[in-house]
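**Student:**
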Amino acid sequence: MHTPGSSVAGYGLLLVVQIVFVIVFGFFTDYSKELLPKNGTSNGLEASHGAAEEKYLPKYPHFQDIHVMIFIGFAFLMTFLKRYGFSASGLNLLVGALVI
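Sequential numbering from 209 applies to the sequence shown in the working numbering.
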């Protein structure tokens, strides 16, 4: 049976998981020296357009297509489930937002 407090606990758990993801991302990621701005400013607004951007820019459409498959393809594919359509699409968007 559904109790009113159970949904609040779920939101709290999602908040804790998201905070943990941000902390882990902050500690364990590092940009390569090629991607940092070469002019020495810390704001990053005037980053140089070098070989690193030309190297990674052709891969962006593939990266974007994967996101479309995750958010639209799988979510709308699962909406045709008679009993679990709404929850399947909602959970798909939730997992996609946490992972990406």
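Beta carbons are placed, not taken as given, at the ideal position from N, Cα and C, and that holds for glycine.
Give me the residue from G293, V307, S240, L306 with the minimum Cα distance to Y264.
**Tutor:** Of the listed residues, the one whose Cα sits closest to Y264 is S240.
**Student:** Mind reading off the beta-carbon distance from A283 to L289? Whole number of angstroms is fine, and I expect it under 8 Å.
**Tutor:** Contact doesn't hold; Cβ gap of about 11 Å is too wide.
**Student:** What number of angstroms, rounded off, separates the C-alpha of G304 from the C-alpha of E242?
**Tutor:** C-alpha separation (whole angstroms): 29 Å.
**Student:** What would DSSP say about K263, mapped onto helix, strand or coil?
**Tutor:** Reduced to three states, the DSSP call for K263 is helix.
**Student:** Does R291 pass the burial test, meaning 16 or more other C-beta atoms within 10 Å, or should it be called exposed?
**Tutor:** Counting Cβ neighbours within 10 Å, R291 comes out exposed, since fewer than 16 surround it.
**Student:** Output the boundary residues of the alpha helix (DSSP H) element that contains S297.
**Tutor:** Counting along the chain, the alpha helix (DSSP H) containing S297 begins and ends at 293-307.
**Student:** Give the C-beta separation of G281 and T287 to the nearest angstrom, bearing in mind that I take them to be a contact with Cβ-Cβ under 8 Å.
**Tutor:** The pair is not a contact, with the Cβ atoms about 11 Å apart (cut-off 8 Å).
**Student:** DSSP on F271, reduced to helix/strand/coil?
**Tutor:** Note: F271 maps to helix in three-state DSSP.
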